[in-house]
Every structure is written in structure tokens, then in C-alpha cells.
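Line by line, the protein sequences give chains A and B. Residues 79 to 481 (this note's numbering) are what the first sequence spells out, left to right. Residues 79 to 481 (this note's numbering) are what the second sequence spells out, left to right. I have placed the structure first, in the form of C-alpha cells, so that the comments after it can refer back to it.
There are 2 protein chains.
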Amino acid sequence: MAVNLPSMGELLPIEGIRVGAAEAGVRYRDRLDLAVWVLEEDSTVGGVFTQSAFRAPPVLLAAERCGAARALVANAGNANAATGERGIADAMASCKYLADAIGAADTEVLPFSTGVIGEFLDMEAMRRGIDLALNHANADGWADAARAIMTTDTEPKALSGRFEIDGTQITATGMVKGSGMIRPDMATMLAFLGTDATIAPAVANQLARELAERSFNRLTIDGDTSTNDSFVIMASGKAGPAISSTDSSAYRDLLAGLEPMVVELAERTVRDGEGATKFVTIEVNGGRDAAECLDVAYTIAHSPLVKTAIFAGDPNWGRFCMAIGRAPVVDLDPSKVALFLDEVQIAADGLVAPTYEEPKAAAVMERDEYVVRVELGRGDASERVWTSDLSYEYVKINAEYRT
Amino acid sequence: MAVNLPSMGELLPIEGIRVGAAEAGVRYRDRLDLAVWVLEEDSTVGGVFTQSAFRAPPVLLAAERCGAARALVANAGNANAATGERGIADAMASCKYLADAIGAADTEVLPFSTGVIGEFLDMEAMRRGIDLALNHANADGWADAARAIMTTDTEPKALSGRFEIDGTQITATGMVKGSGMIRPDMATMLAFLGTDATIAPAVANQLARELAERSFNRLTIDGDTSTNDSFVIMASGKAGPAISSTDSSAYRDLLAGLEPMVVELAERTVRDGEGATKFVTIEVNGGRDAAECLDVAYTIAHSPLVKTAIFAGDPNWGRFCMAIGRAPVVDLDPSKVALFLDEVQIAADGLVAPTYEEPKAAAVMERDEYVVRVELGRGDASERVWTSDLSYEYVKINAEYRT
């Protein structure tokens with residue numbers, strides 16, 4: 079059901095990072111479901127994590143352990159969330175098991191889990207998986223790791239990029255998983271990005287935050303925020319100048335080099351949204367500030383009535399007006415509002431545009447991808463979010479998730 | 079698809095109010111789609127209306143004309159919303175046509191519309207419908223009016239009640255329509271309640287607001303708020319003492335008498351929710367204030383993942399935790415949270431309860447109706463909202479609404 083989702087293509091190795099995946103059998107059978115990343119000394123990890131009050135034990139631990147780090151372990155199928163003390167102990171034990179195997183300190187290993195909430199981890203499977211994954215770990219393990227972290231994703235989503243900092247070539251490889259319970263609030267479900275750039279611990283979290291703000295924090299599939307959302311950057315420090323301040327040209331080059339990669343990963347997440355048949359960009363211009371543009375964009379993107387109209391390809395544009403009208407924007411004047419679907423203007427001054435003809439809007443809505451553009455006519459701020467539609471398949475996937 | 083929706087039963091006439099319905103053909107064919115209420119002199123109308131920024135022209139007009147009033151006209155199939163100046167002119171012309179026919183002032187007639195947004199009213203059909211409905215208007219027209227205002231409703235929803243004020247018998251008959259685009263914000267789509275009580279204009283709006291706050295403002299089907307939500311009370315003043323202050327025992331008796339009626343109408347709206355197969359009450363206790371209890375309740379009630387799990391009867395209770403976790407409650411401590419489905423405790427102290435067995439929760443979720451109870455463990459406030467599930471049928475109804 080994915081909408082124009084590109085395949086992974088060639089993934090570039092990152093000097094200083096080995097990756098391994100395994101069939102641990104934590105929940106799934108006969109598929110990769112566990113991945114490890116082993117980082118050489120002097121590596122740095124920065125991250126940004128879900129704002130849910132029910133942060134899962136691995137998230138609590140990973141957030142605490144950002145900075146200098148030596149390994150990451152991620153499993154799919156069981157989120158180790160809402161598991162309390164035992165969940166914390168299990169996440170710690172997984173890290174210790176991996177730390178002992180590679181000769182690192184426990185606190186230098188970060189855990190990640192995704193899958194069903196409210197069940198305890200199968201620790202025997204975790205240990206077996208870590209052993210197997212370490213056996214397979216090598217520079218070219220990224221594609222297998224991208225497969226291992228999938229849950230309801232239809233395809234693995236990963237890419238590589240190269241850019242320069244101060245004339246030195248930097249390489250990065252990133253991946254994301256997640257296609258439901260997706261309205262990232264600081265980060266998407268699980269996204270990992272490795273680079274050989276040299277990033278000080280103090281800078282790494284800020285980098286992850288800024289990148290998430292421009293990518294994962296602008297997408298929504300169903301408005302639901304996971305307990306396990308995490309986006310982490312691993313930097314092996316094998317290339318480029320040491321970046322120890324966010325107020326440097328090297329930091330800006332790094333941000334500019336990584337931004338198109340994370341934006342593409344975020345877009346792919348929506349393309350692979352549960353039951354998605356459309357990839358829609360909601361663009362809101364003319365707001366007083368970015369916050370109110372986002373409020374309008376998300377209210378449209380989360381409306382079940384808008385999403386079912388998008389699924390049906392029905393230019394029932396009153397539903398867009400309804401959603402704009404219920405967005406929490408103070409003193410919105412409907413008579414200043416305009417609405418476009420790609421190049422077709424539907425509404426002007428809050429009512430149907432004189433030039434509007436329904437077949438033109440219907441033709442846009444037949445496209446796999448299009449832009450819903452709203453002009454609020456009250457300021458200069460703009461924002462955009464990406465979303466998918468609400469299809470029979472979304473209901474089917476989520477009604478049958480555990481069976 | 080409605081969930082245990084009671085039939086209308088016998089509707090009592092209200093002295094001083096005549097009701098008529100007609101096949102106007104505004105949009106639908108071969109069904110009643112227009113209703114008028116004709117009130118004797120000295121009647122009062124109070125109302126509460128949508129908070130949408132895109133308030134439809136009839137809503138703007140009706141809100142302005144609450145007070146002393148002589149007639150109401152409502153049509154289904156076309157909401158006369160996002161229609162600008164012409165929409166206002168059409169709503170005013172409909173009122174004038176009815177006012178002239180009954181010898182009242184234009185401003186004593188209130189208009190209501192529900193249906194597709196963004197199209198102009200067929201005024202010839204409106205005039206034809208008003209003529210026909212006036213011809214049929216009589217004391218027993220309530221049931222036909224309840225049918226005439228339906229859109230995607232599967233059944234008409236109306237009831238009557240009797241109670242006493244100061245030893246005098248008061249009679250009331252009410253109706254509601256609406257089964258999608260339902261998260262009332264001050265009132266549901268269209269609800270009309272007539273009574274022979276004697277209510278001063280100054281009190282009528284406050285009464286409507288208090289009743290809505292206890293009924294229509296506590297339900298959600300899909301989280302979408304209509305441009306046309308209206309709840310109005312017509313009081314003919316034929317019985318009971320004159321109620322001119324909200325600070326009187328007669329007002330309190332009136333409120334107490336009408337409250338169970340509007341709560342029942344609100345519940346029926348959810349039972350007839352688009353595609354509904356379940357009627358679920360979300361009860362949140364132990365909050366610091368009512369607002370945060372409502373935030374948690376609505377976050378659960380609006381979560382597509384919770385709603386699909388309810389549809390599937392799948393006790394995937396992590397989804398409830400996910401929704402509680404993303405609710406906008408400051409400093410929520412998950413380790414104090416408990417979760418129940420009817421009598422079955424699922425979570426205690428933020429994780430799975432020691433006594434929990436999944437088949438027990440699955441058995442509750444097989445029921446047509448049950449209560450999801452959340453204990454926040456941080457205060458004494460409580461709230462509850464009613465909601466339905468997200469089924470294939472919801473997608474079907476809304477993907478095919480205009481075809």
C-alpha cells in the first residue's frame with residue numbers, strides 16, 4: 079500500500095561503526111528482529127525522544143546515556159513499554175550483556191525497543207539475538223538492520239548521503255521504522271543515523287533536536303504518539319573537524335548536509351503509513367506565527383473526515399473548511415482564508431472561488447501525491463506537514479495487529 | 079450499525095408549539111428534509127452554537143435571534159456553510175418567507191441547516207418546503223420533524239419527558255440529529271427541545287449552555303466539529319412559573335428535569351455514530367481538575383488506534399496507555415495510573431495488574447457497551463465522555479458521503 083516509496087538503494091558503510099542483525103525470535107519468527115551497532119572508541123551519540131508521559135524503559139535509559147557511547151541494541155516486536163521496574167531491569171540487562179561482549183561499560187550501551195506495549199521482554203531471545211547479531215556485525219550491516227527494526231512497515235526505509243564540512247567528505251547512513259502510532263513529538267518511532275563526522279557530546283543532542291524539528295516532527299499518520307519514539311545520531315569521529323559548538327560553520331554544514339536525508343526519511347515514513355494510498359503535504363501560509371500554522375496543518379491532517387475524503391478522492395472541500403474552523407486559532411477571520419489543491423484554487427475569501435470547477439479538484443485528488451495549501455491571510459509565517467489518508471486498510475491493519 | 083439505539087416511542091405535544099415537516103427536495107429526494115416549528119406569542123428561544131471559526135450563515139443568524147421568537151426552520155442535505163454573503167442572504171430570505179406566512183417579524187424566525195458544506199441553498203426548494211411544512215404543522219408533528227433533520231443518521235432520535243416545577247407539570251419533547259463530524263464544542267450538530275415551561279429570554283441561553291455542558295459537550299464520534307452545531311430550546315410559556323433568574327429553585331427544577339432528557343439524546347447520538355458497533359464511556363477520575371480529566375478522556379476517545387482496538391474487541395491495552403501518555407497533562411506520573419475495563423483491572427501503578435488475565439478483558443470488549451476507567455491518582459476531579467469505535471463502515475460512509 080506504500081505510496082511511491084523508493085527502495086533502499088546502496089547503503090554506504092560508516093567508518094568506525096559495525097552493524098549486525100539477527101533472528102532473535104523476541105516475538106516474530108523467521109525474520110530479522112534485532113540489530114546492534116558497535117561504535118569505536120571516541121564515538122558520540124545524540125538523541126531526541128518521545129514526550130509521552132508513558133516513556134518506555136528503554137527510552138528512559140537511552141535518553142540518559144546519550145553522549146560518549148559504544149553500542150546500541152534495538153529489537154522489534156515488543157516495545158518493553160508500560161513494564162515498570164522489570165522493564166527497566168530487562169533493558170539494563172540487555173545493555174550489560176552487550177557491553178560485556180564488547181568490553182564496554184554498561185552505561186555506554188543504549189537500548190531501543192518497538193512493538194507491542196505492555197508485555198515483558200523475552201530475555202533469552204534478547205541474549206541469543208545479541209550474540210548472533212554481534213557475530214554478523216560488519217561495516218555493511220545497515221540494510222539488514224533496517225529490515226530488523228520493522229514492525230508494520232511494508233518495506234525497509236534507509237538511505238546514505240555524502241556532503242562536505244570544511245572541504246572534508248562526510249558520509250552518513252540513516253534508517254527509520256514506523257508506520258502507525260505516528261505523530262512524532264520530538265522524534266519518530268525509531269530512527270538511527272550514523273556518520274563519520276566528529277561531534278562533541280554536548281552538541282549531539284541539539285543536532286538531533288534540530289534535525290527532528292525539520293523532519294520527523296512535521297509528519298503525522300494517525301495523530302498517535304508512541305511511547306518509544308526515538309531518533310538517534312551516531313558519530314564515529316573518523317572524518318572532518320571536531321564540532322564542539324552549535325555556533326560554528328562546521329555545525330551549520332553538518333546540519334545542512336544531514337537535513338535532506340532526515341527529511342527524506344520522514345517523507346518515506348508517511349509514504350509507508352499504515353494503509354496509505356496517498357502522500358499529502360499540508361502547507362499553511364499567512365499565519366501570525368509558526369505555531370498557529372502547525373495547529374491548522376495538524377487539525378487538517380488529523381481530521382478523520384478529511385482523511386477519508388482524501389482516501390476517496392472526493393473534493394468535498396467543506397471538510398477542509400470545517401477542520402480549519404475548528405483549529406485552535408484565536409480570531410481567525412474565515413473571509414480571509416483561501417484554499418488550494420496543487421494548482422487548483424478552491425476557496426477564496428472564505429467561500430468557493432469564482433473560477434472553481436469540481437472536476438479540476440477531483441483530478442488533483444486522483445494523484446498519488448498533492449499539496450493542500452491554506453492561506454490564512456493574517457501574517458507571514460508558514461509551516462508544512464506530511465500526512466497520509468485513512469483507508470479500509472488502516473482499520474484492517476490496526477484491528478488485526480496482534481492476531 | 080447503531081448500538082442499542084432506542085426507538086422514538088411516543089412524543090408528547092407541547093402546548094403552544096406546532097410542528098410541520100415536508101419533502102422540500104433541497105438535496106434529498108423522496109424523503110422529509112425540512113421542518114418548521116411555529117411558536118405562539120410570548121415564546122422564548124435559547125441556544126448554544128458551534129465554536130468553529132467557520133460558523134455557517136444560519137448559525138450566525140440563529141445565534142443573533144435567540145430571545146423572543148415565533149418560528150424555526152431547519153433543512154437537511156445542505157449546510158449553507160462557507161457560502162458567505164449569499165449564504166447570509168439565503169438564510170435571511172428563508173426566514174422572511176416563513177415570517178410573512180405566519181405574520182411575524184423576520185427577526186423572530188431562526189434558521190438551521192445541516193448537510194454538505196460549500197454549496198448554495200436551492201431557494202425554490204426552500205420556499206416550496208416551507209409552504210408544505212406550514213400546511214402540515216400541528217401539535218403532533220415532532221416525529222416527522224425528527225425524521226426531516228436526519229443526514230447520515232440511521233434512525234430518528236427523539237424523546238419526551240414530564241417533570242414538575244413548583245408542583246406544576248411541565249412537558250418537554252426533544253430531538254437530535256448527527257452521527258459524524260461530531261465533537262460538539264458547545265452543542266451538537268442540531269438538537270431541538272420544546273417545552274411548555276415559562277422561561278425569560280435572559281435565562282434561555284444560559285439554560286441551553288448548562289444543559290449542553292452536561293450532555294452534548296461530553297460526546298465525540300470522530301473529533302471533528304461541525305460548522306453548524308446548534309442546540310436550541312423553545313419554551314412556549316404555557317405552564318409553570320415564569321423563570322427569569324438562573325438563581326431560583328424553579329430554574330434548578332427545570333435544569334434537573336431536562337438534564338436526563340438531553341443526556342439521553344447525547345447518548346443516542348453516539349449510539350447512532352457513523353459506523354458505530356460499540357458504545358463506550360470513557361471515565362477519568364483522580365485528576366487535579368475537570369479540564370485535565372477531559373483532556374485524557376478525549377485523547378483516548380479520539381485515538382484511531384484505541385478506536386480500531388475497540389472495533390476489533392482486542393484488549394491491546396498498551397494503546398490506552400499510549401493515549402494517556404500523549405494527553406496534554408503536565409507532570410503526569412505513570413506509576414500512579416490505573417486502568418479498568420468495566421470490572422476488570424488491567425493496569426495498576428502504571429503497569430500490568432498482578433490479577434490481570436487477558437481473556438477477562440477480551441470478554442468485556444465483546445460487550446456492546448462498556449466503561450473504560452482511568453485513575454490518574456493526582457486529585458479529586460472526575461469527568462466522562464461517550465464515544466464509539468472506528469470501523470470499516472465509518473470509512474465507507476465518509477468515503478462515499480457525496481456519491
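A virtual CB, placed ideally from N, CA and C, is assigned to each residue, including glycine.
Delimiting residues of the alpha helix (DSSP H) encompassing Lys438/B: Per DSSP, the continuous alpha helix (DSSP H) segment holding Lys438/B begins and ends at 436–444.
Report yes or no: is there a C-beta of chain A within less than 8 Å of the C-beta of Asp263/B? Low per-residue confidence applies at Asp263/B: pLDDT is 45, beneath 50, and the placement is therefore not dependable, though the value from the model is reported in the following sentence. With 8 Å as the cut-off, Asp263/B counts as an interface residue toward chain A.
According to DSSP, simplified to helix, strand and coil, what is Ile311/A? strand
Which residues does DSSP pair with Gly482/B in a beta bridge? In the structure as shown, chain B starts at 79 and stops at 481, and residue 482/B therefore has no counterpart that could be examined.
Grouping DSSP H, G and I as helix and E and B as strand, with all else coil, what is Arg346/B? helix
Helix, strand or coil, according to DSSP, for Met201/A in the structure here? helix
Going by C-alpha distance, which of Glu471/A, Arg404/A, Arg451/A, Ser323/A is nearest Ala131/B? Arg404/A
Apart from the five residues on each side of it in sequence, which residues of its chain come closer than 6 Å, Cβ to Cβ, to Pro319/A? Asp244, Ala328
So for Gly245/A, helix, strand or coil by DSSP? coil
Within 10 Å of its beta-carbon, does Thr161/B have 16 or more other beta-carbons around it, so buried, or fewer, so exposed? buried
Bridge partner(s) assigned by DSSP for Phe398/A: None, per the DSSP bridge assignment.
Given 7 Å as the limit, tell me if Asp307/B has its C-beta closer than that to any heavy atom belonging to the ligand ZN. By its list of ligands, the structure shown contains no ligand whatsoever, and the ligand ZN lies outside what it can speak to.
In chain A, what lies closer than 7 Å to Leu410/B by C-beta? Ala131
Taking the alpha-carbon of Leu343/B as reference, which of Ser121/B, Phe389/B, Ala224/B, Tyr376/B has the nearest alpha-carbon? Residue Ala224/B holds the alpha-carbon nearest to the alpha-carbon of Leu343/B among Ser121/B, Phe389/B, Ala224/B, Tyr376/B.
By DSSP, does Arg105/B sit in helix, in strand, or in coil? coil
Is DSSP giving Asn82/B helix, strand or coil here? coil
Listing by chain order, which chain A residues have their CB less than 9 Å from the CB of Asn295/B? Within chain A, no residue comes near Asn295/B; the closest Cβ sits about 14 Å away, beyond 9 Å.
Inter-residue spacing [alpha-carbon to alpha-carbon] between Ile277/A and Asp120/A: 10 Å
In three-state terms, what does DSSP make of Met228/A? coil
Using a Cβ-Cβ distance cut-off of 8 Å, determine whether Gly162/B contacts chain A. yes
To the nearest angstrom, how far is it from the Cα of Ser466/B to the Cα of Ala80/B? 10 Å
Within 8 Å of any Cβ in chain B, is that where the Cβ of Glu444/A sits? Not closer than 8 Å to any Cβ of chain B, the Cβ of Glu444/A fails to qualify, so no.
Does the beta carbon of Arg461/B come closer than 8 Å to any beta carbon on chain A? It should be noted that the sequence gives Glu, not Arg, for residue 461/B. No - not a single Cβ of chain A is within 8 Å of the one on Glu461/B.
Nearest-angstrom Cα distance between Val281/A and Ala159/A? 28 Å
Cα-Cα, which of Asp231/B, Gly98/B, Thr324/B is closest to Asn216/B? Gly98/B
Identify the contact partners of Ser469/A in chain B, using a Cβ-Cβ distance below 7 Å as the criterion. Val473
Could you list which residues in chain A have their beta carbon closer than 8 Å to that of Cys399/B, in chain order? Phe132, Ala159, Ala160, Ile195, Gly196, Thr305
My guess is that Asp350/B and Lys474/B are in contact by the Cβ rule of under 8 Å, so how many angstroms apart are they, rounded? Asp350/B to Lys474/B, Cβ: 16 Å. No contact.
DSSP-derived helix/strand/coil call for Pro432/B: coil
Glu288/B - DSSP class collapsed to helix/strand/coil: Three-state DSSP puts Glu288/B in a helix.
Three-state secondary structure (DSSP) of Ile321/B: strand
Counting contacts by CB-CB distance shorter than 8 Å, is Gly396/B in contact with chain A? yes
If Gly391/A sits next to Glu436/A, beta carbons under 8 Å apart, how far is it from one beta carbon to the other, in whole angstroms? Between Glu436/A and Gly391/A the Cβ distance is about 12 Å, and since that is not below 8 Å, they are no contact.
For Gly256/A versus Thr347/A, is the C-beta spacing smaller than 8 Å? yes
State yes or no: is the C-beta of Pro412/A within less than 8 Å of the C-beta of Asp373/A? Contact flag unset, no.
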